[in-house]
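**Q**
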Amino acid sequence: MAPKAGLALLAPIALALSPAIAQDSAPAPVPGATPAPAPAPVDYAYVAITVPQGTITLALDRTHAPITTANFLKYVDTRRLDGATFYRAMHLDWGDENAGLLQGGLQGVKVLPPIAHEPTNVTGLSHKAGTISMARFAPGSATADFTIMIGDLTSLDAKPGSDNPDTRAGFAAFGHVVSGMDVVMQVWNAPLSPTKGEGVMRGQILEPPVKIISARRTSAPTATP
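Note that the sequence shown covers residues -22 to -1, 1 to 203 in mature numbering (1 follows the signal peptide of the UniProt record, and there is no 0).
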């Protein structure tokens, strides 16, 4: 069953895409300049989500998005995500580029209270390909529904200068896929209902939804993110 918690996930997406400008050569080092300090290590929690197509392993960022990560881990540790579903696959028509997102979650008595919003301009995270983020209505209303980015979708990042409160807040990214992106793609490419869904979600509902068999903490992969 498709939860209603994701109905207002996306306003119409308008991305300003500009090509990266290649540099002919790296700038010469400045004599005597102090090297930039190495970035601080990130404390990741790892979660393996098992679906019929395989396993998706997530690295959740406890350092930069502690509230959102702790919330997701509560659902994992209490096994609330067992039996939940991936129910929405949004496909954006960007030519040959894979673009859109995969959405999953649950509703009903298993849903925990909403959490505080952690915007990307505070966490420093961004909605790049493979990022996991929370679905929501208004900022501060996220509960159990989450999304995985198929391609870069930085229009979902916070835009502090925007006049639109929703755009200004953006969505709360809190980790990324470290293995199993091929599984994500299989689910994203599963059959869609042409009639189910309301508003922008019409035609984006998986038919049938893909069941989450289990979601469990796991050890860090051999290659760390």
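Yeah, the Cβ is synthetic: ideal placement off N, Cα and C, and Gly gets one too.
Which same chain residues, not among the five before or five after residue 25, have their C-beta less than 8 angstroms away from its C-beta?
**A** Same-chain partners within the cutoff: 35, 36, 38, 50, 51, 54, 193, 194, 195, 196.
**Q** Run the proximity test for residue 174: is its beta-carbon closer than 7 angstroms to any non-hydrogen atom belonging to the ligand ADP?
**A** Among the ligands in the structure shown, none appear at all, so the ligand ADP cannot be discussed.
**Q** If you compare alpha carbons, which of 84, 71, 124, 129 is closest to residue 106?
**A** It is 129 whose Cα lies nearest to the Cα of residue 106.
**Q** Is residue 145 helix, strand or coil when you go by DSSP?
**A** In this structure, residue 145 counts as helix in the three-state DSSP scheme.
**Q** What are the boundary residues of the alpha helix (DSSP H) that residue 50 is part of?
**A** Where residue 50 is concerned, the enclosing alpha helix (DSSP H) stretches over 44 to 55.
**Q** List the DSSP bridge partners of residue 184.
**A** In DSSP, residue 184 forms a bridge with 170.
**Q** Answer with buried or exposed for residue 184, where buried requires no fewer than 16 other C-beta atoms within 10 angstroms of its C-beta.
**A** Counting Cβ neighbours within 10 Å, residue 184 comes out buried, since at least 16 surround it.
**Q** Suppose you measure from the CA of residue 154 to the CA of residue 23; what does that come to, to the nearest Å?
**A** Their backbone Cα atoms lie some 11 angstroms apart in a straight line.
**Q** Locate the alpha helix (DSSP H) running through residue 101, then write down its first and last residues.
**A** 98 to 101 is the extent of the alpha helix (DSSP H) around residue 101.
**Q** What do you get for residue 123, buried or exposed, if any count of 16 or more other CB atoms within 10 angstroms of its CB means buried?
**A** Buried, since its Cβ has 16 or more Cβ neighbours within 10 Å.
**Q** Using the C-alpha atoms, what's the distance from residue 166 back to residue 77?
**A** Going from the Cα of residue 77 to the Cα of residue 166 covers about 10 angstroms.
**Q** Give the DSSP-derived three-state secondary structure of residue 160 in the structure shown.
**A** Looking at residue 160 - three-state DSSP - the assignment turns out to be helix.
**Q** Could you please give the first and the last residue of the uninterrupted beta strand (DSSP E) stretch that includes residue 105?
**A** Unbroken run through residue 105: none, as it is neither H nor E.
**Q** Between the Cα of residue 64 and those of 116, 199, 27, 19, spot the shortest distance and give me the residue it belongs to.
**A** Checked all of 116, 199, 27, 19; the closest Cα to residue 64 is 27.
**Q** Quick check: the stretch 107 to 122 against the stretch 143 to 159, are at least 3 beta-carbon pairs closer than 8 angstroms?
**A** A contact exists between the stretch 143 to 159 and the stretch 107 to 122.
**Q** Count the other C-beta atoms from every protein chain shown that fall within 10 angstroms of the C-beta of residue 200, then say buried if there are 16 or more, exposed otherwise.
**A** Per the 10 Å Cβ criterion, exposed.
**Q** Mind checking whether residue 20 and residue 80 have CB atoms under 8 angstroms apart?
**A** Not closer than 8 angstroms, so no.
**Q** Report the residue from 14, 17, 30 whose alpha carbon sits nearest the alpha carbon of residue 158.
**A** Checking every option, the nearest Cα to that of residue 158 belongs to 30.
**Q** Short of 8 angstroms in beta carbon distance, which residues of its chain neighbour residue 140, apart from the five on each side in sequence? Order them along the chain.
**A** The residues are 146.
**Q** Go through its chain and collect everything with a Cβ distance to residue 151's Cβ below 6 angstroms, but skip five positions before and after it.
**A** Taken in chain order, the residues that qualify are 98, 103, 105, 109, 111.
**Q** Excluding the 5 residues preceding and the 5 following residue 198 in the sequence, name in chain order all residues of the same chain whose CB lies nearer than 6 angstroms to its CB.
**A** Here the set comprises 24.
**Q** Can you list, in chain order, the residues of its chain whose CB lies under 7 angstroms from that of residue 136, leaving out five sequence neighbours each side?
**A** Same-chain partners within the cutoff: 97, 98, 99, 146, 147, 148.
**Q** To which residues does DSSP link residue 81 through a beta bridge?
**A** Looking at the DSSP assignment, residue 81 forms a beta bridge with 66, 125.
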